[in-house]
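Basically our numbering = 1-based index in the sequence shown + 190.
Beta carbons: idealized from backbone N, C-alpha and C, even for Gly.
Keep in mind that this is a model prediction, so the values were computed, not measured.
What follows is a set of notes on a single structure, which appears directly below.
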Amino acid sequence: MVLANPTLLLQSFFFFFFLLPCLSSSCPEYQKQALLQFKSSILAIDSSFHTLDSWNSSSSNCCLWDMVTCSSPSNSTSTSSVVIELHLSDLSTPLMPSNLMAPLFFIRSLRVLYLSSNHLSGELPEEIGNLTKLQRLSLSSNKFSNGIPSSILHLRELERLDLSDNAMSMEIPSDIGNLSNLSYLSLRKNKLTGGVPASRQKLNKLNSLDLEGNLLTGEIPFWLFDFKDLQSLLLRGNNLT
């Protein structure tokens, strides 16, 4: 009688109960289609775009695509995953209108969205507020203009928000303090006007605040120096006194 190799048994157990579910788990079809539509919108502007070549309709599982991260299956027998992270910074794209982002706003399971350095122009769409599970949002180094949409205040789970190096104008939303989980906030190098909203006093978890290089006016609020966890405060390049 030949005894089974214990090492092979252990490897088989690991594959079938841990690795196989991860490989077979698939994203929802509507999320796959949203990502394909986003890619298609870029191709309509630049037919030579190849950065997202792994995103194709013949691949049934978008969890295996480049720059996409999905959740783990809820248990060892589940094949259900959802898209939770998109790392889409620096895609080497031409100048693109901001409404090209629209398909991404249907992926409401997103926790992380990076779209920095992509030549996105125009207003930041109000639909950004649909992504209420977002914890990290970076849209820096684009060409967004006009004001910060009020819908961004719906993103109550945000911990990091980076809108730096754009051309955003008007005042900082007065209720930005409602984003009480923020630990990092950068609005540097825009064209924001007005003063520092008093509601920022509610950002008790803030450890980095960068407002450098805007058109802010008025007095520097004394309460900015009362944040216990604040390690970085940048206000240069404004008209604050």
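The criterion of a C-beta distance shorter than 9 Å is satisfied by residue 409 and residue 431. Around residue 379, the same chain offers 354, 355, 403 as residues with beta carbons nearer than 6 Å, after the five sequence neighbours per side are excluded. Nearest to residue 366 by alpha-carbon distance, out of 358, 346, 381, is 346. Residue 385 and residue 407 do touch by the CB rule: their CB atoms are close to 6 Å apart, below 8 Å. For residue 397, DSSP records no beta bridge to any residue. Only buried fits residue 334, as 16 or more other CB atoms lie within 10 angstroms of its CB.
With a threshold of 16 other beta carbon atoms within 10 Å, residue 421 falls short and is exposed. Judged by pairs of C-beta atoms under 8 Å, the segment 227-240 touches the segment 280-297, as three or more such pairs exist. Put simply, the backbone Cα of residue 259 is about 42 Å away from that of residue 429. Beyond the five residues adjoining it in sequence on each side, residue 302 comes within less than 6 Å, by CB distance, of 275, 326 in the same chain, given in chain order. Pairing residue 399 with residue 424 gives a Cβ-Cβ distance under 9 Å. Ranked by how close their Cα comes to the Cα of residue 299, the residues 309, 313, 306, 262 have 262 in first place.
In the DSSP annotation of this structure, residue 313 is not part of any alpha helix (DSSP H); the continuous beta strand (DSSP E) holding it starts and ends at 310-313.
Cα atoms of residue 218 and residue 230: separation of roughly 19 Å, rounded to the nearest angstrom.
Rounded to the nearest whole angstrom, the C-alpha separation of residue 311 and residue 278 is 16 Å. Contact annotation: residue 373 and residue 419 have beta-carbon atoms nearer than 9 Å. Spanning the alpha carbons of residue 228 and residue 413 requires a straight line of approximately 43 Å.
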